[in-house]
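Everything below concerns the one structure shown next.
2 protein chains.
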Amino acid sequence: MTDKHLLLIDDDIEYTQLLSEYLSVQGYTLDIANDGELGLNMATSATHYDLILLDVMLPKLDGFEVLKRLRTSHLTPVLMLTAKGDDYDKILGLEIGADDYLAKPFNHRELSARIKALVRRMAMLPTNSTQQNLKLGDVELSPSTQQVTCADHPLELTGTEFSVLQLLMINHGKLVTKNDISEKVLGRKLAAFDRSIDMHVSNLRKKLSTYSQEEKIKTLRGAGYQYLVATC
Amino acid sequence: MTDKHLLLIDDDIEYTQLLSEYLSVQGYTLDIANDGELGLNMATSATHYDLILLDVMLPKLDGFEVLKRLRTSHLTPVLMLTAKGDDYDKILGLEIGADDYLAKPFNHRELSARIKALVRRMAMLPTNSTQQNLKLGDVELSPSTQQVTCADHPLELTGTEFSVLQLLMINHGKLVTKNDISEKVLGRKLAAFDRSIDMHVSNLRKKLSTYSQEEKIKTLRGAGYQYLVATC
DNA sequence: GCCTGCCTTTACATAAGCTTTACATTTCCT
DNA sequence: AGGAAATGTAAAGCTTATGTAAAGGCAGGC
Chain P
1 MTDKHLLLID DDIEYTQLLS EYLSVQGYTL DIANDGELGL NMATSATHYD LILLDVMLPK
61 LDGFEVLKRL RTSHLTPVLM LTAKGDDYDK ILGLEIGADD YLAKPFNHRE LSARIKALVR
121 RMAMLPTNST QQNLKLGDVE LSPSTQQVTC ADHPLELTGT EFSVLQLLMI NHGKLVTKND
181 ISEKVLGRKL AAFDRSIDMH VSNLRKKLST YSQEEKIKTL RGAGYQYLVA TC
Chain C
1001 MTDKHLLLID DDIEYTQLLS EYLSVQGYTL DIANDGELGL NMATSATHYD LILLDVMLPK
1061 LDGFEVLKRL RTSHLTPVLM LTAKGDDYDK ILGLEIGADD YLAKPFNHRE LSARIKALVR
1121 RMAMLPTNST QQNLKLGDVE LSPSTQQVTC ADHPLELTGT EFSVLQLLMI NHGKLVTKND
1181 ISEKVLGRKL AAFDRSIDMH VSNLRKKLST YSQEEKIKTL RGAGYQYLVA TC
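Residue numbers (our numbering), protein chains in the order written: chain P, 1 to 232; chain C, 1001 to 1232.
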């Protein structure tokens, strides 16, 4: 039913077996790593995990260290587990980027409920990563080369224009508020009377219109902008 | 620094005062509701909350009920609090849509860490994604795309019209007073002889009637308006 | 130091849409 | 029925958001 892919990093082999069975029944696919090093490798591999269950006490690389290193490159949600009921541990874990924390021994149904809650919430995130190539209608955007083409003609975009277009394309069909654009692209809150975003959008439209007639960026007055999905 | 807006729903006034102070220092803006009904109202008002802290034991409407009703229209993250350490409660809360659960008495720093973790994760979402899509009869409303369709035909609504319709649809079957509409949509009290709401409703009706005959918005004279539930 | 490119600000025209006005119509009360 | 109050709505008025050209400013490169 759920078909979500989880990674469990825990050195207690008996325990992992048990959890594995329990979570399989719930409809999750579960991979297991019995030490921190392997766990980190798997977590950062090409395999996409929807959620990582991470024990704190681990051989080779402890849970905090795994989390810290994972967070340098990945935003995968992490639920930490620990034998200690130590508050300090909890707080530290959450501070350095864990999404939830559960002290052993825990009720399996609580674990299951917390997993479900996290997965449910994560499903709301836009699926596209910022690394992915995007193609919508006659517009193609390639993050690796910073290149955008419209009807096969390359466009000369500035870095900011590129980022704005990318954000709009990732969220195509959806409203993207000016404040979101400002925060994500310019790294600052939208101030009153700040017209920068309008200008970048205006410039984008001008460049996009060079090789294509159809309107691509729609204004939602009082709200923001929206990249129109191809109607064909 | 954070500047995040939280809503605390808890009837223990002393306790809320304390938490309020504590969280203010952390840089959060905190609104407080001392009963479930008020809390639900505030949570569904035009004010956007980044996170709701919800006690289970509440006068008028208990925490579970508040959460259930909130979730019919909003996906705002909720952290539940409870005096009981009851696992069953926790699981129930998480099942019906809470994002986290903390048993009282808790370490303030743990609360703070969990809030931070949730807010951090939620910051990755587009702003308007915390509102549910609504569908009643042949009318569909989608906050993320700011799109309303009637019998599968898209309607061109203004921002205000959209918000009025959303409010009416959220409270379908119930009376929504003009003052409520004015406060939640326009952000101001309804003044005498103010006909704005009437006009917005009038325009809405006109647009809705384009593709559908049945009356959708009923006038309750002297009181307000009501979105009629589909009779089929 | 001086380009050069790009982001931001300024300024103004324009358009969108919210509010007000005015009047017709309906409802309710006595 | 008569009248007051509330509502429906077209149209005018007004406020504000937006589009965009042009000027200003800032930083990196040569």
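We treat Cβ as the ideally placed atom computed from N, Cα and C, and that holds for glycine. Note that this is a predicted model, so its numbers are computed, not measured.
With C-beta atoms as the reference, is L1081(C) less than 8 Å away from D1010(C)? The residue given as residue 1081(C) occupies position 81 in the second sequence. The residue given as residue 1010(C) occupies position 10 in the second sequence. Cβ atoms of L1081(C) and D1010(C): closer than 8 Å.
If we ignore side chains and look at the alpha-carbon of each, how far apart do G137(P) and V229(P) end up? Walking along the first sequence from the start, residue 137(P) turns up at place 137. Walking along the first sequence from the start, residue 229(P) turns up at place 229. Whole-angstrom Cα-Cα distance: 8 Å.
Within 8 Å (strictly less), CB to CB, does R1114(C) reach chain P? In the second sequence, counting from the first residue as 1, residue 1114(C) sits at position 114. Yes, its Cβ sits closer than 8 Å to a Cβ of chain P.
Answer with yes or no whether the minimum CB distance from D194(P) to chain C is below 8 Å. For the purposes of this step, residue 194(P) is identified with residue 194 of the first sequence, where counting begins at 1. It does not; no Cβ of chain C falls within 8 Å.
When every heavy atom of the ligand ATP is checked, does at least one fall within less than 7 Å of the C-beta of L1094(C)? Among the components of this structure there are no ligands whatsoever, and the ligand ATP is therefore not found.
To the nearest angstrom, how far is the alpha carbon of D1198(C) from that of E1140(C)? The count along the second sequence starts at 1 and reaches residue 1198(C) at position 198. The count along the second sequence starts at 1 and reaches residue 1140(C) at position 140. Going by the C-alpha atoms only, they are around 22 Å apart.
Could you tell me if H172(P) is buried or exposed, where buried requires 16 or more neighbouring beta carbons within 10 angstroms of its beta carbon? For this step, residue 172(P) is matched to residue 172 along the first sequence. Per the 10 Å Cβ criterion, buried.
Examine chain C for any beta-carbon lying closer than 8 Å to the beta-carbon of E95(P), and answer yes or no. For this step, residue 95(P) is matched to residue 95 along the first sequence. True, the Cβ-Cβ gap to chain C drops below 8 Å.
Own chain partners of L94(P) with C-beta closer than 7 Å, once the 5 adjacent residues on each side are dropped: Along the first sequence, read from residue 1 onward, the residue named residue 94(P) stands at position 94. These residues qualify, in order along the chain: Y101.
Which of helix, strand or coil DSSP assigns to K116(P): Within the first sequence, numbered from 1, the residue matching residue 116(P) stands at position 116. Residue state, collapsed to three classes: helix.
Using a Cβ-Cβ distance cut-off of 8 Å, determine whether P1154(C) contacts chain P. The residue labelled residue 1154(C) in the question sits at position 154 within the second sequence. False, the Cβ-Cβ gap to chain P never drops below 8 Å.
Can you give me the C-alpha to C-alpha distance between E37(P) and A98(P), rounded to a whole angstrom? What you label residue 37(P) is simply residue 37 of the first sequence in a count that begins at 1. What you label residue 98(P) is simply residue 98 of the first sequence in a count that begins at 1. Approximately 18 Å between the Cα atoms of the pair.
Assigned exposure category for N1107(C) - 16 Cβ within 10 Å defines buried: Start at 1 with the first residue of the second sequence, and residue 1107(C) comes out as number 107. Result: exposed.
Helix, strand or coil for V139(P), going by three-state DSSP, please let me know. Locating residue 139(P) in the first sequence gives position 139, where the first residue counts as 1. Three-state result, V139(P): strand.
Proximal residues to K189(P) (C-beta, below 8 Å), its chain only, five neighbours per side dropped: Position 189 of the first sequence, counted from the first residue, corresponds to residue 189(P). Around K189(P): N179, S182, E183.
Where in the segment 48 to 114 of chain P do unbroken runs of the alpha helix (DSSP H), each at least 4 residues long, occur, reported from the N-terminal end onward? 63 to 71, 87 to 95
Which residue marks the beginning of the beta strand (DSSP E) containing V229(P), and which one marks its end? Residue numbering aside, residue 229(P) sits at position 229 when the first sequence is read from its first letter. Per DSSP, V229(P) belongs to no beta strand (DSSP E) and is neither H nor E.
Just checking my contact of T1130(C) with H1074(C) at CB under 8 Å: how many whole Å lie between their CB atoms? One-based indexing of the second sequence puts residue 1130(C) at position 130. One-based indexing of the second sequence puts residue 1074(C) at position 74. Indeed, because the Cβ distance is near 6 Å, the residues count as touching under 8 Å.
Express the C-alpha separation of Y227(P) and P1077(C) in angstroms, rounding to a whole number. The residue you call residue 1077(C) lines up with position 77 of the second sequence. The residue you call residue 227(P) lines up with position 227 of the first sequence. Distance between the alpha carbons of P1077(C) and Y227(P): 27 Å.
Under 7 Å Cβ-Cβ, which residues of chain C neighbour V176(P)? Taking the first residue of the first sequence as position 1, residue 176(P) is located at position 176. Correct list: P1126.
Residue range of the beta strand (DSSP E) that H1172(C) falls in? As a working note, residue 1172(C) is residue 172 in the second sequence. Per DSSP, H1172(C) belongs to no beta strand (DSSP E) and is neither H nor E.
Hey, how far is the Cα of H5(P) from the Cα of K116(P)? The residue labelled residue 5(P) in the question sits at position 5 within the first sequence. The residue labelled residue 116(P) in the question sits at position 116 within the first sequence. Distance between the alpha carbons of H5(P) and K116(P): 12 Å.
Is there contact between the segment 1014 to 1022 of chain C and the segment 203 to 213 of chain P, where contact requires at least three CB pairs shorter than 8 Å? no
Can you give the Cα-Cα distance for G1224(C) and L54(P), rounded to whole angstroms? Translated into the one-based positions of the second sequence, residue 1224(C) becomes position 224. Translated into the one-based positions of the first sequence, residue 54(P) becomes position 54. Cα to Cα, G1224(C) sits roughly 53 Å from L54(P).
What's the C-alpha gap between G27(P) and A1191(C)? For this step, residue 27(P) is matched to residue 27 along the first sequence. For this step, residue 1191(C) is matched to residue 191 along the second sequence. So the two alpha carbons sit approximately 56 Å from each other.
Determine the chain P residues that contact G1063(C) at a beta-carbon separation under 9 Å, and present them in chain order. Locating residue 1063(C) in the second sequence gives position 63, counting from the first residue. Chain P residues near G1063(C): none, gap ~15 Å exceeds 9 Å.
Along the beta strand (DSSP E) that carries Q1213(C), what are the first and last residues, could you check? On the second sequence, residue 1213(C) is found 213 positions in, with the first residue counted as 1. Q1213(C) -> no beta strand (DSSP E), and no H or E assigned at all.
Ordered along the chain, which non-local residues of its own chain (more than five positions away) have a Cβ less than 7 Å from that of T177(P)? In the first sequence, the residue the question calls residue 177(P) occupies position 177. So the list reads A223, G224, once near-sequence residues are dropped.
Nearest chain C C-beta to A98(P) closer than 8 Å, yes or no? Locating residue 98(P) in the first sequence gives position 98, counting from the first residue. It does; some Cβ of chain C falls within 8 Å.
Alpha carbons only, please: which of L1157(C), L1165(C), K1216(C) is nearest the one belonging to L1134(C)? Residue mapping note: residue 1134(C) aligns to position 134 of the second sequence, counting from 1. For the residues L1157(C), L1165(C), K1216(C), the minimum Cα distance to L1134(C) belongs to L1165(C).
Roughly how many whole angstroms lie between the Cα atoms of A1083(C) and D1012(C)? Walking along the second sequence from the start, residue 1083(C) turns up at place 83. Walking along the second sequence from the start, residue 1012(C) turns up at place 12. When rounded, the distance between both Cα atoms is 11 Å.
Which residues of the segment 197 to 215 of chain P have a Cβ closer than 9 Å to any Cβ of chain C? Give them in chain order. none
Where M42(P) and A33(P) are concerned, what is the direct C-alpha to C-alpha distance, given to the nearest angstrom? For the purposes of this step, residue 42(P) is taken as the residue at position 42 of the first sequence. For the purposes of this step, residue 33(P) is taken as the residue at position 33 of the first sequence. Computed Cα separation, rounded: 8 Å.
Over what stretch of residues does the beta strand (DSSP E) that includes P219(P) continue unbroken? Position 219 of the first sequence, counted from the first residue, corresponds to residue 219(P). With the sequence shown as reference, residue 219(P) is identified as Thr, and Pro is not the correct amino acid for it. That run of the beta strand (DSSP E) goes 217 to 220.
So what's D152(P) in DSSP terms, helix, strand or just coil? Residue mapping note: residue 152(P) aligns to position 152 of the first sequence, counting from 1. Three-state DSSP puts D152(P) in coil, outside helix and strand.
With distance defined between alpha-carbon atoms, name the residue in L40(P), L157(P), K60(P) nearest to R69(P). Here residue 69(P) refers to the residue found at position 69 of the first sequence. Answer by Cα proximity: L40(P).
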